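Remarks on the structure that follows.
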Amino acid sequence: MEALARKFPASWFSSLNLMAVPLKRYMETASSKTQLPSGEPQLLSAPVADAQTQVHDEAAFQQPEDEVDTIEQYLEHFPTKKTRAGIIDREGNESENFLLKASKPARISFEGNIGVGKSTILKLLHSHPRLKQVTEILQEPIWEWQNVKGTGLNMLEAFYKNPQRYAYLFQSFVFTTRFLQQNAAASQSKAALLLMERSVLTDRCVFVKTAREQGYFNTLEVAAYDAWYNGVITTLPNVVPDAFVYLRADPNVCYERLKARARSEEAEVSLEYLQSLHSKHEKWFIESAFDDAGNWGGKSQAGHFSSSSKVPAVIRGRPIFVVDCSKTLEFDKPSKEVDRVIEEIVGFLLAPPSESLCKFT
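Its first residue numbered 79, the sequence shown is counted upward by one per residue in our numbering.
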């Protein structure tokens, strides 16, 4: 705990009385490496990395000769400066091979609206023949939000029922649990590729922004959130993804999927809320990465975040792949549409640099 705590600026903690206690307790949990509660839902039969578990042993990642056999060779498949201008490293300098210089494992954040299918798509990618021995996934730690530290208190439900009262507390807690999970996994994972369900940047750029627009964050709460948020992402690069995959779908489609899965806490979620989240995703992942965003056409495309001041500095120039997920996705039986989505993502992750930016355009 002490080693991790030293990575935070002292001013960050001193200005955050409200967050200091939960952070300290979660750091202690992370360093103890105890097992998650027995009631925690598991997406995979294989171990899933989080803040409290060690990842697979090294032997589990032996690969066929015709596949990527080292992390460095894998990362060479990503687009470089030669295929698209504007690749910028963390210091703001152009790089010959940006992701090759990224810390290992490569961290890919899967983004998208509530109900788009992120968890299931990650599961399918993890079991894909070309990826299963080089990947590890991080589920969004929703079990932490549904049962805070084993107390039976459901913060997710409290937020949806009374966002005016609980928005700041919930979003702060979401950031804390996500940060601790992803920071630990990035340090411990032996996989070449860490597939993450959302990132800490999503918390600020999508959910906090939406809460502020809807009046659930006051000016003081926004200022406090930004004070420690900015301190974390600039001090701890492990929590910043190396690339993004945006699973794009019409909010009406997401709303129908949300209702179909019937998660009790989401009974209060409205279509209007999903539409607001969708607009934030579009501004972040479409308008910030593609010049012809107004003429999208629904096709899957690869690109890079621009160097615009509207894009968070820590991700400028980083790769992004947008996948259309608006059509019917039947995950419980063989589906050509599901196969298309999975194969397009795999193609983006493993395509040679000369093809990765033009294969789906």
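Beta carbons: idealized from backbone N, C-alpha and C, even for Gly.
Nothing here was measured: the structure is a model prediction, and the numbers come from that model.
Where residue i sits in the DSSP three-state scheme
| i | result |
| --- | --- |
| E214 | strand |
| K268 | coil |
| K388 | coil |
| P207 | coil |
| E334 | helix |
| T280 | helix |
| T229 | coil |
| A305 | helix |
| P315 | helix |
| E360 | helix |
| A367 | coil |
| K411 | coil |
| T198 | helix |
Residues sharing a beta bridge with residue i, DSSP
| i | result |
| --- | --- |
| G381 | I398 |
| E275 | F188 |
| L325 | V401 |
Cβ neighbour criterion (16 or more within 10 Å) applied to residue i
| i | result |
| --- | --- |
| A302 | buried |
| K388 | exposed |
| P412 | exposed |
| T297 | exposed |
| K414 | exposed |
| G381 | buried |
Where the beta strand (DSSP E) containing residue i begins and where it ends
| i | result |
| --- | --- |
| I186 | A184 to E189 |
Delimiting residues of the alpha helix (DSSP H) encompassing residue i
| i | result |
| --- | --- |
| Y294 | It is not in any alpha helix (DSSP H) - Y294 carries neither H nor E in the DSSP assignment. |
| E415 | K414 to L428 |
| A345 | Neither: A345 is in no alpha helix (DSSP H) and is coded neither H nor E. |
| A236 | M233 to K239 |
| I220 | I220 to Q224 |
Test item: CB-CB of residue i and residue j under 7 Å
| i | j | result |
| --- | --- | --- |
| F322 | I398 | yes |
| P329 | Q353 | yes |
| L273 | I215 | yes |
| A262 | V212 | no |
| P378 | S366 | This sequence places Ser at residue 378; Pro is not what is there. It is not a contact, given that the beta carbons lie outside the stated cut-off. |
| L355 | Y333 | no |
| V419 | K358 | no |
| A474 | R185 | Given a span of 79 to 439 for the chain in the structure shown, any question on residue 474 remains unanswerable. |
| W223 | L231 | no |
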